[in-house]
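Keeping their order, the protein sequence lines are chains A and H.
For the first sequence, my numbering assigns the number 1 to the initial residue and increments by one for each residue that follows.
For the second sequence, my numbering assigns the number 460 to the initial residue and increments by one for each residue that follows.
For glycine and all other residues, C-beta sits at the position ideal for the given N, C-alpha and C.
One structure is given below, encoded as structure tokens.
2 protein chains.
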Amino acid sequence: MTSLPDSARDALSALLGARLSLSEADRDQHAQSETYFTSPPPYAVVYPETTEEVAQIVRICAEHDLPVIGWGAGTSLEGHALPIRGGITVDFARMSRVLEIHPEDLDVVVQPGITREALNTELRSTGLFFPIDPGANATLGGMAATRASGTTAVRYGTMRDNVLALEVVLADGRIIRTGSRARKSSAGYDLTGLFVGAEGTLGLVTELTLRLQGQPEAISAAVCAFPDMEHAIDAVIQTIQMGVPMARIEFIDADCAAAFNAFSGTNLPLKPHLMIEFHGSEAGVAEQAETFGEIATEFGATGFERATRTEDRTKLWEARHKAAWAIAATRPGAKMMATDICVPISRLAEAINETRADIARASIPGPILGHVGDGNFHATLLIDMDNPAELDEAKALAARMNDRALRLGGTVTGEHGIGMGKLAYMPAEHGAGWDVMGQIKQTLDPDNIMNPGKLLRGN
Amino acid sequence: MTSLPDSARDALSALLGARLSLSEADRDQHAQSETYFTSPPPYAVVYPETTEEVAQIVRICAEHDLPVIGWGAGTSLEGHALPIRGGITVDFARMSRVLEIHPEDLDVVVQPGITREALNTELRSTGLFFPIDPGANATLGGMAATRASGTTAVRYGTMRDNVLALEVVLADGRIIRTGSRARKSSAGYDLTGLFVGAEGTLGLVTELTLRLQGQPEAISAAVCAFPDMEHAIDAVIQTIQMGVPMARIEFIDADCAAAFNAFSGTNLPLKPHLMIEFHGSEAGVAEQAETFGEIATEFGATGFERATRTEDRTKLWEARHKAAWAIAATRPGAKMMATDICVPISRLAEAINETRADIARASIPGPILGHVGDGNFHATLLIDMDNPAELDEAKALAARMNDRALRLGGTVTGEHGIGMGKLAYMPAEHGAGWDVMGQIKQTLDPDNIMNPGKLLRGN
């Protein structure tokens, strides 16, 4: 099937009216990706407002054997939301409300289309916040789908740890609720955990119950330069061993420092850096920052600078958040390939070193930064898409990174997900476990209409 | 089938020799339960030493359509390990080794038969520990199977949060590995999460990779009495809201206090109490204990006593750990029914109050204690099994607790699992989600040989 059958169009139109969009501009917009993947446009884009509408949409698609692809903010880095087999894109822009806030229970119920920044704006007056921060202003539905994390995972975990419950529309239109507002449960299979990270291949998330955190009484951030990457990583390992509770611990290499300086007006020496943040009581963060300062100095850090004022911290983390754009700006017109390996921290220096050596020999740039408290880092490869040799070279570099991750006991994706970009590595990472994923997919979506072409074998 | 076919016995005997046990004493021992459930003995007990042997055992059972039931320490409270449909009990006593310790990565690889106390003894010299503490000296395999937690979950999470990776033997004898030693991953469906809490109904866990924690620099514990339960719970809520990082926060009612005094020689006033522990730096735990002390006093606490010396803390937590025996000792010869509801903390006082009122009207005792930082509590109902009316009464009380948990937005089991005891509540808790669990079971164990009769519909 390569277009929208009349009967499907009529059914969707009757259900949604003007919220069925067939315009070329809208469809093209939903075939865009932040990275190097390309896709034909979807046959249509739909904008449901209720779970029941989502269920009806899925039922209509099931009847017509049409792929169903969820869409949040389009910030995925592995082509997750691209309709590569055509079909209907379900854009959750009109399901973006906060439904319930429970301040005593530190939880919130939201629709999938809300972005993390919008959620935190709504939470501001409660003294609570949602801690997961993948950098991009992604939607919560998308973050759940890819099991996102980011700079704060070292303290607060990933989406796996922060989604308490979900409402999901399955491939046959059934609506299920997984989990509850209880903080923990042993009541059967962990379906919440199964749908978090399933990349829309098992169903569409229509509601999320999320854990919240109290805004810390005090926050302290710091940045410092190291003579080389190994010393920086050793400082991280030592800090973890000491049990110092870091809220963020980010590594950037000298190329990133240069990119930040050019793009965000920072004035970082062209060396590897650690950027760190502590959350806690006034006395607690002061003690933690002092302990870290001592460790960093022991490992040769220089220019240690604490930022306790909100505006200084904001400037620091803005530079980090804009890293992707800063790196992209070093090569105008280039497309990004965002690599994302995660290894046991004892192997992290080795993994980064080998990757740097590979990139040094390559013809394309690839600045490295990472959430090093988790052993996760990215080399952002910049590709001139008019030069096919560069894409091949980038794929070869990424392949070597992925093989390296597995050799060192890690994973090919710490936080970006499989989508289209990591499919080839699933057999090596999971072996027969990938078949088990396929069996689960087969039983819950036998006609393979939910986001086909992603995550699964032959899908 | 009601006994072991000769061909299965011969195959198991050829594989295991003397590690196939057909003795009545051994079989009877594997039909025992800590609580009120009863079961016929298994046809045989097997003691594998390797994963490959476990896979062979499962293949032999699959060929003969024999149920396969895993056995750890037999400490389950919901009859999980009982061979209620007969079959072969796989006792992991001879797979109880620590395979690898990675101090820099804060992880450990173990076999399923090791107990948590044995694990922590082996870890002692490393400065690391495994924090999950369900009270009983359960095996790690069993703790994973039931998604156990306990007193420290408020700080360190449950087994869900502390298992990084598993090796699992599936119903057809396939051996899969889920997860890796990376701290996080977005590489496809979370199979680790699927098997943790699956109660052996999808496969047998043969190896676990676990997160470890650094032994805290300082530990401080305290106990204090409250005028009533509501004040105690309000103090907990306030402490959570303040972001004070508690390592343990346990509630016991006046009946428990009396039982502890009689059994463990404590000298607690006959009032509701909170028992609390802080982990961190010297300065950190001192600050936290002080903040908690102020909050507790504000809510009417008396007799606030800090225990910073190891022996005082040990005495305090020993009394708590022996709670089940202490409660059982108040009614010699009685069997326990261990209830286990978990609700949002804002509804916890209501849930406990209604439960207490029910028990006050009943003819059987049911002291209440709970992991109140998570909203989880247990009324331990004591039943004279010679009086069928008491078992009925206990079941009715438990049913009302379970209905209450669901009405208040919680779960019928915070940490004990479904097993046989909670099966009847799965439709109410999960609705169509239970069907999805059934679909997953059906696809991975179509002949229903893995721990039949537990967790699933019509199973």
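Residue i: first and last residue of the uninterrupted beta strand (DSSP E) it sits in
{"i": "Phe263 (chain A)", "result": "Note, Phe263 (chain A): premise wrong, no beta strand (DSSP E); alpha helix (DSSP H) at Ala254 to Ser264."}
{"i": "Phe304 (chain A)", "result": "Thr302 to Ala307"}
{"i": "Met844 (chain H)", "result": "Unbroken run through Met844 (chain H): none, as it is neither H nor E."}
{"i": "Ser220 (chain A)", "result": "Ala218 to Ala225"}
{"i": "Thr789 (chain H)", "result": "Note, Thr789 (chain H): premise wrong, no beta strand (DSSP E); not H, not E."}
Partners in chain H for residue i, counting only beta-carbon separations shorter than 8 Å
{"i": "Met426 (chain A)", "result": "Ala646 and Gly647"}
{"i": "Ile237 (chain A)", "result": "Glu563"}
{"i": "Thr413 (chain A)", "result": "Ser644, Ser645 and Ala646"}
{"i": "Val108 (chain A)", "result": "Here the premise fails: no neighbours, minimum Cβ distance about 12 Å."}
{"i": "Asp172 (chain A)", "result": "Residues of chain H passing the Cβ test: none, with the nearest at roughly 10 Å."}
{"i": "Ala379 (chain A)", "result": "What Ala379 (chain A) touches in chain H: nothing, since even the nearest Cβ is about 17 Å away."}
Where residue i sits in the DSSP three-state scheme
{"i": "Glu277 (chain A)", "result": "strand"}
{"i": "Ala838 (chain H)", "result": "strand"}
{"i": "Ala597 (chain H)", "result": "coil"}
{"i": "Ala55 (chain A)", "result": "helix"}
{"i": "Val244 (chain A)", "result": "coil"}
{"i": "Phe299 (chain A)", "result": "coil"}
{"i": "Asp550 (chain H)", "result": "strand"}
{"i": "Leu128 (chain A)", "result": "strand"}
{"i": "Ile818 (chain H)", "result": "helix"}
{"i": "Asp465 (chain H)", "result": "helix"}
{"i": "Lys335 (chain A)", "result": "strand"}
{"i": "Thr494 (chain H)", "result": "coil"}
{"i": "Gln29 (chain A)", "result": "helix"}
{"i": "Gly433 (chain A)", "result": "helix"}
Supposed contact pair residue j and residue i - C-beta distance, whole angstroms, cut 8 Å
{"i": "Ala597 (chain H)", "j": "Met618 (chain H)", "result": "About 10 Å separates the two Cβ atoms, so there is no contact after all."}
{"i": "Val569 (chain H)", "j": "Leu475 (chain H)", "result": "Actually they do not touch by this definition, with Cβ atoms about 22 Å apart."}
{"i": "Arg177 (chain A)", "j": "Asp107 (chain A)", "result": "With a Cβ gap of about 15 Å, Arg177 (chain A) and Asp107 (chain A) do not count as contacting."}
{"i": "Ile425 (chain H)", "j": "Val622 (chain H)", "result": "Absent from the model: residue 425 (chain H). The displayed extent of chain H is 460 to 918, so no value can be given."}
Partners in chain A for residue i, counting only beta-carbon separations shorter than 9 Å
{"i": "Arg702 (chain H)", "result": "Residue identity differs from the one stated: residue 702 (chain H) is Gly in this sequence, not Arg. Under the 9 Å cutoff, chain A gives Gln213, Gly214, Gln215, Pro216, Glu217, His279, Gly280 and Ser281."}
{"i": "Gln898 (chain H)", "result": "Ile440, Thr443 and Leu444"}
Close Cβ partners of residue i (< 6 Å) along its chain, the five nearest in sequence each way excluded
{"i": "Glu736 (chain H)", "result": "Ala680, Ala706 and Arg707"}
{"i": "Pro134 (chain A)", "result": "Ala148 and Gly150"}
{"i": "Ala301 (chain A)", "result": "Cys224 and Phe226"}
{"i": "Asp904 (chain H)", "result": "Ala630"}
{"i": "Cys715 (chain H)", "result": "Pro826 and Leu828"}
{"i": "Leu582 (chain H)", "result": "Phe588"}
{"i": "Gly293 (chain A)", "result": "Phe304"}
{"i": "Met385 (chain A)", "result": "Lys335"}
{"i": "Glu100 (chain A)", "result": "Val109"}
{"i": "Asn861 (chain H)", "result": "Val871 and Tyr884"}
Neighbourhood of residue i by C-beta distance below 8 Å, restricted to the same chain and skipping five residues each side
{"i": "Val831 (chain H)", "result": "Ala691, Ile692, Val695, Ile708, Glu709, Phe710, Leu733, Ile804 and Leu807"}
{"i": "Ala532 (chain H)", "result": "Thr574, Ala595, Asn596, Ala597, Thr598 and Gly601"}
{"i": "Gly869 (chain H)", "result": "Ile800, Cys801, Val802, Pro803, Arg806, Ala810 and Gly834"}
Same chain, Cβ closer than 7 Å to residue i, neighbours up to 5 away in sequence not counted
{"i": "Glu658 (chain H)", "result": "His539, Ala604, Thr605, Gly876, Ile877, Gly878, Asn910, Lys913 and Leu914"}
{"i": "Ala394 (chain A)", "result": "Met337, Ile364, Leu381 and Ile383"}
{"i": "Pro464 (chain H)", "result": "His523"}
{"i": "Arg820 (chain H)", "result": "none"}
Residues that residue i contacts on chain A, provided the C-beta gap is smaller than 8 Å
{"i": "Met688 (chain H)", "result": "Per Cβ cutoff of 8 Å: no residues; Met688 (chain H) is ~16 Å from chain A at best."}
{"i": "Gly656 (chain H)", "result": "Ser186, Gly188, Tyr189 and Asp190"}
{"i": "His875 (chain H)", "result": "Ser186"}
{"i": "Thr814 (chain H)", "result": "What Thr814 (chain H) touches in chain A: nothing, since even the nearest Cβ is about 15 Å away."}
Listed by chain order, chain H residues near residue i by CB distance under 7 Å
{"i": "His102 (chain A)", "result": "Pro803 and Ser805"}
Proximal residues of chain A, C-beta to C-beta of residue i below 7 Å
{"i": "Leu914 (chain H)", "result": "Gly188"}
{"i": "Gly880 (chain H)", "result": "Those within 7 Å of Gly880 (chain H) in chain A number zero; the least Cβ separation is about 11 Å."}
{"i": "Ser639 (chain H)", "result": "Gly409, Gly410 and Thr411"}
{"i": "Ala597 (chain H)", "result": "By Cβ distance, chain A contributes nothing, its closest Cβ being about 13 Å from Ala597 (chain H), past 7 Å."}
{"i": "Ile635 (chain H)", "result": "Gly431, Ala432, Gly433 and Val436"}
The alpha helix (DSSP H) enclosing residue i, as first and last residue numbers
{"i": "Glu537 (chain H)", "result": "Run containing Glu537 (chain H): none; DSSP gives neither H nor E here."}
{"i": "His64 (chain A)", "result": "Unbroken run through His64 (chain A): none, as it is neither H nor E."}
{"i": "Leu123 (chain A)", "result": "Arg116 to Leu123"}
Interface partners of residue i on chain H, CB under 9 Å
{"i": "Ser470 (chain A)", "result": "Since the displayed chain A opens at 1 and closes at 459, residue 470 (chain A) lies outside it and no answer follows."}
{"i": "Glu287 (chain A)", "result": "Ser740, Ala742 and Gly743"}
{"i": "Asp374 (chain A)", "result": "Ala641, Arg642 and Lys643"}
{"i": "Ala14 (chain A)", "result": "In chain order: nothing, as chain H lies at least about 26 Å away."}
Amino acids of chain D, ordered along the chain, whose beta-carbon sits closer than 8 Å to that of residue i
{"i": "Gly193 (chain A)", "result": "The structure shown contains no chain D; the protein chains it does contain are A and H."}
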